[in-house]
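*Asks:* Quick one: the structure is below, and I'll ask about it shortly.
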Amino acid sequence: MTRPVQFASRLCAPEGPVAGPDGWILNVCSFTRDEAWPTRGGDICATHVGTPGTTERLFNTSGDGVGGIPAALAFGPDGALYVTDEGHRAILRVGPDGSRSRWVDTFGGEPLNGPNDLCFDADGSCFFTDPWGSSLENTVGAVYGRAATGDMHRIDSGMGFPNGIVLRGERLYVAETLRSCVWVYDVTGPGEAADRRLFCRQPPVPDVPVYGPDGMAFDSEGNLLVTHFGSGFVFVYDPEGVEVDRIGCGGTSPTNVCFGGPDHATLFITVDDTGEMVAVNWGVRGQRLNFCPSAVSGTHPFAAMMAGGEALN
């Protein structure tokens with residue numbers, strides 16, 4: 487493993503990196519942090535592995551009188567890009583032609599809090615966290631599943647900011663930031679999971695007001711890499727939940743991780759306080775996400791949008 491190197495910079499509140507088609511790494515910018523920077527809250531950006539430091543703006547999620555607060559990205563079974571957006575209190579679907587729609591925004595007739603992270607299983611079911619507005623005093627955070635048929639299921643509730651969410655096999659992993667826990671559930675059906683139990687608990691960070699697990703990714707050996715917001719590290723846990731390594735990221739507030747690059751063994755880390763995305767040669771291939779564009783033979787539907795972004799630097 488090598489030391490982290492800067493991959494992209496001047497990203498306002500970067501989050502939610504994901505591997506795109508043809509060597510692009512996408513990320514969101516949740517909030518405008520520095521007016522002197524070219525990025526703004528709501529931006530969906532992309533940087534190519536062949537040209538680190540050169541970033542494009544693909545689009546901005548603000549619109550219809552709502553300021554976008556995107557938090558995570560995932561490509562779906564239809565080739566579209568899905569964006570959790572806490573400003574819109576919805577998961578947005580962005581088609582390859584740039585068209586946008588509200589894909590999920592209610593459960594049981596009530597609006598969502600504001601989705602944060604999401605993942606798809608191989609059958610097209612989507613699992614996502616819904617934390618916006620939750621705290622330890624107001625535990626309204628929840629976890630949901632949406633089956634490919636459109637049926638919605640509430641998997642868990644009463645949580646203090648459920649955050650990162652990932653799948654491996656028939657298990658679903660959810661980070662609950664304010665309780666410093668990563669939980670694991672058994673997937674029991676399309677969009678359904680049950681039997682929550684503790685996978686790991688992260689240590690406190692003295693004198694830091696907010697800390698805990700954020701975004702996550704698996705490598706191909708079954709190790710779970712968990713960003714620890716507030717500590718400056720990505721923690722690495724073996725399949726049994728035992729800490730085996732820590733990766734410094736150059737800032738205090740890593741927010742999420744993904745794998746990409748030519749051999750899918752480069753770890754990309756978004757860092758909120760420095761406004762960067764850094765890259766680490768992990769040495770082990772990452773677990774490919776379902777519907778990952780880099781695993782698609784031929785031209786991915788989103789490839790044309792990647793080529794048409796607005797250059798920022």
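The sequence shown begins at 487 in the numbering used here and counts up by one.
Think of the CB as a built atom: it goes at the ideal place given N, C-alpha and C, for glycine as much as any other residue.
Tell me, please, whether the stretch 774-785 touches the stretch 511-530 by the rule of three or more beta-carbon pairs shorter than 8 Å.
*Replies:* Not touching, per the Cβ criterion.
*Asks:* Between the alpha carbons of P676 and N799, how many angstroms are there, rounded?
*Replies:* Against the sequence shown, residue 676 aligns to sequence position 190. Against the sequence shown, residue 799 aligns to sequence position 313. The straight-line gap from Cα to Cα measures roughly 43 Å.
*Asks:* Quick one: Cα of L578 to Cα of D508, how far?
*Replies:* Numbered from 1 along the sequence shown, position 92 holds the residue referred to as residue 578. Numbered from 1 along the sequence shown, position 22 holds the residue referred to as residue 508. Roughly 23 Å separates the two Cα atoms.
*Asks:* Taking C-alpha atoms, which residue in L622, Y630 and N624 lies nearest to D616?
*Replies:* Locating residue 616 in the sequence shown gives position 130, counting from the first residue. The option with the nearest alpha carbon to D616 is Y630.
*Asks:* At which residues does the alpha helix (DSSP H) containing A793 begin and terminate?
*Replies:* Within the sequence shown, the letter at position 307 stands for residue 793. Unbroken alpha helix (DSSP H) run through A793: A789 to A793.
*Asks:* What residue does the beta strand (DSSP E) around N546 start on, and which one ends it?
*Replies:* Walking along the sequence shown from the start, residue 546 turns up at place 60. T541 to N546 is the extent of the beta strand (DSSP E) around N546.
*Asks:* So, at 7 Å on beta carbons, what are the nonlocal neighbours of S548 in its own chain, with the 5 sequence-adjacent residues on each side left out?
*Replies:* In the sequence shown, residue 548 corresponds to position 62, counting from 1. Excluding positions up to five away in sequence, the list reads G528 and G554.
*Asks:* Specify whether the stretch 757-764 and the stretch 719-734 touch according to this definition: at least 3 beta carbon pairs, one from each stretch, less than 8 Å apart.
*Replies:* With a cut-off of 8 Å, the stretch 719-734 and the stretch 757-764 do not count as touching, because too few Cβ pairs lie within range.
*Asks:* So what's R665 in DSSP terms, helix, strand or just coil?
*Replies:* Counted from its first residue, the sequence shown places residue 665 at position 179. Three-state DSSP puts R665 in a helix.
*Asks:* Tell me the rounded alpha-carbon separation between G701 and C498.
*Replies:* As a position in the sequence shown, residue 701 is number 215, starting the count at 1. As a position in the sequence shown, residue 498 is number 12, starting the count at 1. Whole-angstrom Cα-Cα distance: 17 Å.
*Asks:* Extract the residue ranges of the beta strand (DSSP E) inside the stretch 749-784, only unbroken runs of 3 or more that lie entirely within it.
*Replies:* Segments of the beta strand (DSSP E) lying fully in the stretch 749-784: 752-757 and 762-767.
*Asks:* Pull up the DSSP beta-bridge partners for H639, would you.
*Replies:* Walking along the sequence shown from the start, residue 639 turns up at place 153. Looking at the DSSP assignment, H639 forms a beta bridge with G631.
*Asks:* Consult DSSP for G701 and reduce its assignment to one of helix, strand or coil.
*Replies:* Taking the first residue of the sequence shown as 1, we reach residue 701 at position 215. Of the three classes helix, strand and coil, the one that applies to G701 here is strand, per DSSP.
*Asks:* Do the stretch 715-722 and the stretch 684-695 make contact, defined as three or more Cβ pairs closer than 8 Å?
*Replies:* With the cut-off at 8 Å, the stretch 715-722 and the stretch 684-695 touch.
*Asks:* With three or more beta-carbon pairs closer than 8 Å as the criterion, would you say the stretch 600-619 touches the stretch 631-647?
*Replies:* A contact exists between the stretch 600-619 and the stretch 631-647.
*Asks:* Roughly how many whole angstroms lie between the Cα atoms of L512 and P503?
*Replies:* Translated into the one-based positions of the sequence shown, residue 512 becomes position 26. Translated into the one-based positions of the sequence shown, residue 503 becomes position 17. Going from the Cα of L512 to the Cα of P503 covers about 5 Å.
*Asks:* Could you spell out where the beta strand (DSSP E) holding R586 opens and where it closes?
*Replies:* On the sequence shown, residue 586 is found 100 positions in, with the first residue counted as 1. Its beta strand (DSSP E) spans residues R586 to V590.
*Asks:* Quick one: Cα of R526 to Cα of C515, how far?
*Replies:* Position 40 of the sequence shown, counting from 1, holds the residue named residue 526. Position 29 of the sequence shown, counting from 1, holds the residue named residue 515. Each residue's alpha carbon lies about 7 Å from the other.
*Asks:* Pick from P648, E796 and V757: whose alpha carbon is nearest that of Q492?
*Replies:* Along the sequence shown, one-based indexing puts residue 492 at 6. With distances taken between Cα atoms, Q492 lies closest to V757.
*Asks:* With a threshold of 6 Å on Cβ separation, who are the neighbours of N602 within its own chain once the five nearest residues in sequence on each side are excluded?
*Replies:* The residue given as residue 602 occupies position 116 in the sequence shown. Taken in chain order, the residues that qualify are A557, T570, T615, P617 and N649.
*Asks:* Comparing C-alpha positions only, which one of A494, A576 and R682 sits nearest to T537?
*Replies:* For the purposes of this step, residue 537 is taken as residue 51 along the sequence shown, with counting starting at 1. Of the candidates A494, A576 and R682, the one whose C-alpha sits nearest the C-alpha of T537 is A494.
*Asks:* Taking all protein chains shown into account, decide if N624 is buried (16 or more other Cβ within 10 angstroms of its Cβ) or exposed.
*Replies:* As a working mapping, residue 624 is identified with position 138 in the sequence shown. Flag for N624 reads exposed.
*Asks:* Can you name, in chain order, every residue of its own chain whose Cβ lies under 7 Å from the Cβ of L664, other than the five neighbours on each side?
*Replies:* In the sequence shown, residue 664 corresponds to position 178, counting from 1. Cβ within range, chain order: S621, L622, G646, F647 and G698.
*Asks:* Would you kindly work out how many angstroms separate the C-alpha atoms of D591 and T488, rounded to a whole number?
*Replies:* The count along the sequence shown starts at 1 and reaches residue 591 at position 105. The count along the sequence shown starts at 1 and reaches residue 488 at position 2. D591 and T488: Cα-Cα distance of roughly 41 Å.
*Asks:* With H, G and I counted as helix, E and B as strand and the rest as coil, what does DSSP make of D508?
*Replies:* Taking the first residue of the sequence shown as position 1, residue 508 is located at position 22. DSSP places D508 in helix when its eight states are reduced to three.
*Asks:* Taking the continuous beta strand (DSSP E) assigned at H534, which residues delimit it?
*Replies:* Sequence index remark: in the sequence shown, residue 534 carries index 48 (1-based). Segment D529 to H534, the beta strand (DSSP E) holding H534.
*Asks:* Could you tell me how far apart the beta carbons of W544 and A560 are, in whole angstroms, since I believe they sit closer than 8 Å?
*Replies:* If you number the sequence shown from 1, residue 544 lands on position 58. If you number the sequence shown from 1, residue 560 lands on position 74. Note on identity: in this sequence residue 544 is Leu, with Trp being the wrong assignment. That pair is no contact at about 15 Å.
*Asks:* Rounded to whole angstroms, what's the CA-CA distance from F788 to P563? Just pull it up for me.
*Replies:* In the sequence shown, residue 788 corresponds to position 302, counting from 1. In the sequence shown, residue 563 corresponds to position 77, counting from 1. Cα-Cα distance, rounded: 12 Å.
*Asks:* So A566 and G581 are supposed to be a Cβ contact under 8 Å. How far apart are they, rounded?
*Replies:* Taking the first residue of the sequence shown as 1, we reach residue 566 at position 80. Taking the first residue of the sequence shown as 1, we reach residue 581 at position 95. Right, the Cβ-Cβ distance comes to about 5 Å (below 8 Å), so this counts as a contact.
*Asks:* Select from E662, V652 and G655 the residue whose C-alpha is nearest the C-alpha of G865.
*Replies:* The question about residue 865 has no answer here: the residues shown for the chain are numbered 487 through 799.
*Asks:* Would the beta-carbon of R654 fall within 8 Å of that of G708?
*Replies:* To locate residue 654, count along the sequence shown from 1; it is residue 168. To locate residue 708, count along the sequence shown from 1; it is residue 222. Result yes, Cβ atoms of R654 and G708 sit closer than 8 Å.
*Asks:* Going by beta-carbon coordinates alone, are T741 and P524 separated by less than 8 Å?
*Replies:* Residue mapping note: residue 741 aligns to position 255 of the sequence shown, counting from 1. Residue mapping note: residue 524 aligns to position 38 of the sequence shown, counting from 1. Contact: no.
*Asks:* Kindly indicate which three-state DSSP category Q492 falls into: helix, strand or coil?
*Replies:* On the sequence shown, position 6 is the one that residue 492 refers to. DSSP places Q492 in strand when its eight states are reduced to three.
*Asks:* From which residue to which residue does the beta strand (DSSP E) around E678 run?
*Replies:* If you number the sequence shown from 1, residue 678 lands on position 192. Counting along the chain, the beta strand (DSSP E) containing E678 begins and ends at E678 to R687.
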